[in-house]
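**Student:** Take a look at the following structure, please.
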Amino acid sequence: MKLPAAENDTQNLKWPAGLQVLLKKTDISIVKVLVAVLAIGIVFLIWPRQSEQAAPQPAKLVDAPGSAVYDPVSVPGEEDTLERQLAVLLRSIAGAGNVAVDISISSQGEIKEDRIARTERRTTQEQGQDGLSRVTEEEALSHELVMERDSKGQESPVIIGQMGPQISGAVVIADGANNHEVRLALAKATAALLNIPLYRVEVLARERGD
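Residue numbers (numbering that gives the first Met the number 0): 0 to 209.
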């Protein structure tokens with residue numbers, strides 16, 4: 000049976016040798032191949048448009064009113080986390096055994112915000128009863144917080160520095176603290192890790208149960 004002219008033209012197209020072999024082996028018509036190629040092309044055209052997301056707006060710096068107050072909140076549980084991490088490290092000392100650590104903190108740290116110094120000057124001229132003119136000059140200095148606005152429109156102070164908690168001392172309780180060498184090793188390791196003087200570290204032996 001003789002195929003229509005349009006289909007004959009399609010079959011007379013010169014395809015790469017590899018594709019011709021594949022068509023012969025799988026017995027797939029050229030029309031089906033064209034439809035598949037066209038469908039794949041449409042998918043690639045649509046895909047980038049669907050994956051586009053709106054870019055966040057750049058942050059802007061704004062001046063906060065002079066009465067603005069920022070109260071930094073420390074992360075809860077930070078001291079407990081430090082004690083647990085230190086105890087894990089001290090247990091690795093030979094002969095230390097079970098270790099518990101209690102850290103004494105004198106200051107929770109400080110956050111330094113960026114501020115702009117503004118000077119306001121005001122001149123007042125008054126006429127006295129004696130007919131003389133008096134000029135009074137007043138000067139006021141204020142520091143305003145620099146606020147940063149994120150892509151959601153929320154404002155927060157610009158942080159330019161942060162000081163961590165100030166550790167005043169530590170108490171270490173260990174099973175092996177009865178041994179002088181172990182006790183000294185625990186004290187030195189604690190002082191080094193917390194960056195405090197050795198005399199601020201107290202190492203005690205754990206009470207043994209019956």
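Glycine residues also receive a C-beta, built at the ideal position from the N, C-alpha and C atoms.
Measuring CA to CA, which of Ala-191, Pro-196, Arg-207 is closest to Leu-89?
**Tutor:** Cα-wise, what sits closest to Leu-89 is Ala-191.
**Student:** Below 6 Å CB to CB, which residues in the same chain sit around Asp-129 once its five sequence neighbours on both sides are set aside?
**Tutor:** For Asp-129, where only same-chain residues beyond five positions count, there are no Cβ hits under 6 Å.
**Student:** Between Leu-203 and Ile-172, which are expected to be in contact by the criterion C-beta below 8 Å, what is the C-beta distance as a whole number of angstroms?
**Tutor:** Confirmed, Cβ separation roughly 5 Å.
**Student:** Could you give the distance in angstroms between the alpha-carbon of Gly-152 and the alpha-carbon of Met-146?
**Tutor:** Rounded to whole angstroms, Gly-152 to Met-146 spans 11 Å at the Cα level.
**Student:** Here's the rule I'm using: 16 or more other beta-carbon atoms within 10 Å means buried, otherwise exposed. How should Ile-189 be labelled?
**Tutor:** Checking the sequence, you will find Thr at residue 189 rather than Ile. Counting Cβ neighbours within 10 Å, Thr-189 comes out buried, since at least 16 surround it.
**Student:** Residue range of the alpha helix (DSSP H) that Leu-193 falls in?
**Tutor:** Taken as a continuous stretch (DSSP letters only), the alpha helix (DSSP H) holding Leu-193 covers 179 to 193.
**Student:** Shortest alpha-carbon distance to Arg-120 belongs to which of Asp-113, Val-181, Thr-135, Asn-178?
**Tutor:** Per the Cα distances, Thr-135.
**Student:** With respect to the beta strand (DSSP E) encompassing Gly-160, which residues constitute its N-terminal and C-terminal limits?
**Tutor:** Taken as a continuous stretch (DSSP letters only), the beta strand (DSSP E) holding Gly-160 covers 158 to 162.
**Student:** Using the Cβ count rule (16 or more neighbours within 10 Å means buried), how would you classify Arg-207?
**Tutor:** Burial call: exposed.
**Student:** Within its chain, find whatever has a CB closer than 8 Å to the CB of Ser-167; leave out the 5 residues flanking it on each side and keep chain order.
**Tutor:** So the qualifying residues of the chain are Ser-103, Ile-104, Ser-105, Ile-195, Arg-199.
**Student:** Less than 6 Å between the CB of Arg-120 and some heavy atom of the ligand GDP, yes or no?
**Tutor:** Because no ligand of any kind appears in the structure shown, any question about the ligand GDP cannot be addressed here.
**Student:** If Leu-197 and Ile-92 are in contact, beta carbons under 8 Å, what's the gap, nearest whole angstrom?
**Tutor:** Contact doesn't hold; Cβ gap of about 16 Å is too wide.
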